[in-house]
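Trainee: What follows is a single structure, and I will ask about it in a moment.
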Amino acid sequence: MPLQVTYRGSPIRSLEALSSALSCDEPILKHISNHVADYYTFFEIEKKSGGARQIKPPKPILKAIQKRINSRIFSLCEFPEYLQGSIKDATNPRDFVSNARAHSNGKTVVAADIKNFYPSVTESNVKEIFKYLFRFSDDVTAVLVALTTLDNSLPQGAPTSSYLANLVFYNNEHKLVTELRRKGLIYTRLIDDITVSSPVVLDKNEQEWIIRKIKGFTASKGLELHRGKLKVCTTSTPGANVIVTGLWIDRGHPRISREARNKIRAAVHRCKKEHEAGHKTLGEFHDRHNSVSGSVALISRLGHTQGKQYRLILNENLPEYSKEYAGKLTKICYRFSAKKGLRKETLSYTKRYYQLMYHLSILGRSDKKKANFLRSLLKQNPPKHCLRELSEE
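Position 291 (the sequence shown) corresponds to 291 in the UniProt record's numbering; numbering is contiguous.
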């Protein structure tokens, strides 16, 4: 796999060709790109570190276009293995676990965070990507920049933003990686989290050299590091833990901390107690069980021995539906299957179909006969596409 991001597709040289590639009429593309702020919604969420983060999800029509940019343009890129965030890779899945695993033999780990990454990536950065990496014409580049940026930044909540975040260093990240590898160092980036590790303990001068290199690299794109999140971990420090993207490196393997595992154990046993107390049909129990199930899946993936035991407990204490909700679900399924003229090729129909199938799998825990009957009723009008096909269009 190459060290530099490569684009395997053909350059798009006209708005007509872009319209064809995105299956969207040219006047619609032009209108949205000229009035893009009208096609976003806004809300805020609290940061763990304090303050608020602005989330700007696109409205359905722009979201559909952005997903097509992902599946029909960005999917034609080959991303080096050192890029670990939000990249679909069936043969080499990438996420915070694989990122930590890449540094599992690290004796010294330098962790840096790019400050306000999405808000700091500008239209100029994005223009450079479409013009010089993809080699698109100026008019095509201008429309794509408008469709993927908002207020001179990457909007958090837009499907295209994570891809552009991976591409922003397309012409210089490989140079940094090459220089680090010559010194026996390993580099990865999980969107805005940069990690460099060494299989041997590094002295302070060597650590500072790495930090200077990372600072210069990010500054080349007008970005800076978050000073409060710059950390150096080394195994030579007594009692110190080597942490990579939230995971503790223990004897060559990424693990969850003992404290976090204790919290998961407590949550599993709380689910068991609530189930035994007859709370299995409550919405709060459904939500808690789903959340804990995800945590158990993670510790199992990381090889913690408790994973199998916790999964067994959860499987013996599954959420169920009340008789009242089962009756409501039955009516919903009847109404859905009785509707005429529904467009079975649409994303909304497909989503609703699979949502109902999911609910019926839960109903089957308490009333298998009714669940099977309703499932057969829905199967008389299946969607024309699977959910993944439509989600990636």
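Just so you know, even glycine gets a beta-carbon here, dropped at the ideal spot from N, CA and C.
Here the structure is a predicted model, which means the values were calculated and not measured.
Considering Cα atoms alone, identify which of E316, K273, I264 is closest to H304.
Mentor: Taking the first residue of the sequence shown as position 1, residue 304 is located at position 304. If we check each option's Cα against that of H304, I264 comes out closest.
Trainee: In the DSSP output, what is F43 paired with across the bridge?
Mentor: Within the sequence shown, numbered from 1, the residue matching residue 43 stands at position 43. DSSP lists I55 as partners of F43.
Trainee: From which residue to which residue does the beta strand (DSSP E) around V177 run?
Mentor: What you label residue 177 is simply residue 177 of the sequence shown in a count that begins at 1. Per DSSP, V177 belongs to no beta strand (DSSP E); it is in the alpha helix (DSSP H), 173-182.
Trainee: Out of L314, S337, D367, state which residue places its alpha-carbon closest to the alpha-carbon of F327.
Mentor: Counting from 1 along the sequence shown, the entry for residue 327 is found at position 327. The question names Phe, but residue 327 is Gly in the sequence shown. Closest option to G327, Cα to Cα, is D367.
Trainee: Using DSSP with H/G/I as helix, E/B as strand and the rest coil, what is D113?
Mentor: For the purposes of this step, residue 113 is taken as residue 113 along the sequence shown, with counting starting at 1. Reduced to three states, the DSSP call for D113 is strand.
Trainee: Between the Cα of T235 and the Cα atoms of R311, K48, D250, which residue gives the shortest distance?
Mentor: Locating residue 235 in the sequence shown gives position 235, where the first residue counts as 1. Nearest C-alpha to T235: D250.
Trainee: Measure the alpha-carbon distance for K331 versus N99 and round it to whole angstroms.
Mentor: Taking the sequence shown and counting its residues from 1, one reaches residue 331 at position 331. Taking the sequence shown and counting its residues from 1, one reaches residue 99 at position 99. About 46 Å.
Trainee: Just reading off the beta strand (DSSP E) that D250 is part of, what are its end residues?
Mentor: One-based indexing of the sequence shown puts residue 250 at position 250. Start and end: 247-250.
Trainee: Pick out whichever of T281, S300, C271, E276 has its Cα sitting closest to the Cα of S291.
Mentor: Residue mapping note: residue 291 aligns to position 291 of the sequence shown, counting from 1. Of T281, S300, C271, E276, the residue nearest in Cα terms is C271.
Trainee: Where does C333 sit, in a helix, a strand or coil, going by DSSP?
Mentor: The residue given as residue 333 occupies position 333 in the sequence shown. Looking at C333 - three-state DSSP - the assignment turns out to be helix.
Trainee: Can you find the residues in the same chain that come closer than 6 Å, C-beta to C-beta, to L230, ignoring five residues on each side of it along the sequence?
Mentor: Looking up residue 230 in the sequence shown gives position 230. Correct list, in chain order: A112.
Trainee: Can you tell me where the beta strand (DSSP E) holding S197 begins and where it ends?
Mentor: Residue 197 sits at position 197 when you count from the first residue of the sequence shown. S197 -> beta strand (DSSP E) spans 193-198.
Trainee: If you check the beta carbons only, do K344 and N381 fall under 8 Å apart?
Mentor: Taking the sequence shown and counting its residues from 1, the one referred to as residue 344 is at position 344. Taking the sequence shown and counting its residues from 1, the one referred to as residue 381 is at position 381. In this structure, N381 lies closer than 8 Å to K344 by Cβ.
Trainee: In the DSSP output, which residue or residues are listed as bridge partners for C233?
Mentor: Taking the first residue of the sequence shown as position 1, residue 233 is located at position 233. Its beta-bridge partners are V109.
Trainee: Helix, strand or coil for R13? Go by DSSP, reduced to three states.
Mentor: To locate residue 13, count along the sequence shown from 1; it is residue 13. Residue state, collapsed to three classes: coil.
Trainee: If I follow the unbroken alpha helix (DSSP H) through Y353, where does it start and stop?
Mentor: By one-based count along the sequence shown, residue 353 stands at place 353. Note, Y353: alpha helix (DSSP H), 347-363.
Trainee: Which of the three DSSP states is assigned to V292 in this structure?
Mentor: Taking the sequence shown and counting its residues from 1, one reaches residue 292 at position 292. In this structure, V292 counts as helix in the three-state DSSP scheme.
Trainee: Of the residues P254, I191, N34, which one's Cα is nearest the Cα of D151?
Mentor: Here residue 151 refers to the residue found at position 151 when the sequence shown is read from its first residue. Of P254, I191, N34, the residue nearest in Cα terms is N34.
Trainee: Relative to the alpha-carbon of Y325, which residue among Y354, H359, S19, I313 has its alpha-carbon at the smallest distance?
Mentor: Indexing the sequence shown from 1 puts residue 325 at position 325. Nearest C-alpha to Y325: H359.
Trainee: At a cut-off of 7 Å, is Y39 close to the ligand SAH when judged by its beta-carbon and the heavy atoms of the ligand?
Mentor: Ligands displayed in this structure: none; no statement on the ligand SAH is therefore possible.
Trainee: Tell whether a beta-carbon distance below 8 Å holds between N105 and P254.
Mentor: Locating residue 105 in the sequence shown gives position 105, where the first residue counts as 1. Locating residue 254 in the sequence shown gives position 254, where the first residue counts as 1. In this structure, P254 does not lie closer than 8 Å to N105 by Cβ.
Trainee: Write down the C-beta distance between G157 and I55 rounded to the nearest angstrom, noting that I regard them as a contact closer than 8 Å.
Mentor: Taking the sequence shown and counting its residues from 1, the one referred to as residue 157 is at position 157. Taking the sequence shown and counting its residues from 1, the one referred to as residue 55 is at position 55. The pair is a contact, with the Cβ atoms about 5 Å apart (cut-off 8 Å).
Trainee: For C386, does the count of other Cβ atoms within 10 angstroms reach 16, so buried, or fall short, so exposed?
Mentor: Taking the sequence shown and counting its residues from 1, the one referred to as residue 386 is at position 386. Flag for C386 reads exposed.
Trainee: Can you say whether P159 is buried or exposed, counting buried as having 16 or more other CB atoms within 10 angstroms of its CB?
Mentor: Indexing the sequence shown from 1 puts residue 159 at position 159. Per the 10 Å Cβ criterion, buried.
Trainee: I need the straight-line Cα distance from A260 to P2, nearest angstrom please.
Mentor: If you number the sequence shown from 1, residue 260 lands on position 260. If you number the sequence shown from 1, residue 2 lands on position 2. So the two alpha carbons sit approximately 37 Å from each other.
Trainee: Compare the beta carbon distance of F117 and D192 with 8 Å and say whether it is the shorter of the two.
Mentor: On the sequence shown, position 117 is the one that residue 117 refers to. On the sequence shown, position 192 is the one that residue 192 refers to. Cβ atoms of F117 and D192: closer than 8 Å.
Trainee: Considering just the uninterrupted stretch of the alpha helix (DSSP H) at Y310, what are its terminal residues?
Mentor: Mapped onto the sequence shown, residue 310 falls at position 310. Counting along the chain, the alpha helix (DSSP H) containing Y310 begins and ends at 306-315.
Trainee: Around the C-beta of F217, are 16 or more other C-beta atoms found within 10 angstroms, so that it is buried, or is it exposed?
Mentor: Residue numbering aside, residue 217 sits at position 217 when the sequence shown is read from its first letter. Counting Cβ neighbours within 10 Å, F217 comes out buried, since at least 16 surround it.
Trainee: Looking only at DSSP bridge pairs, what is L83 linked to?
Mentor: Within the sequence shown, residue 83 is the residue found at index 83, counting from 1. L83 pairs with R189.
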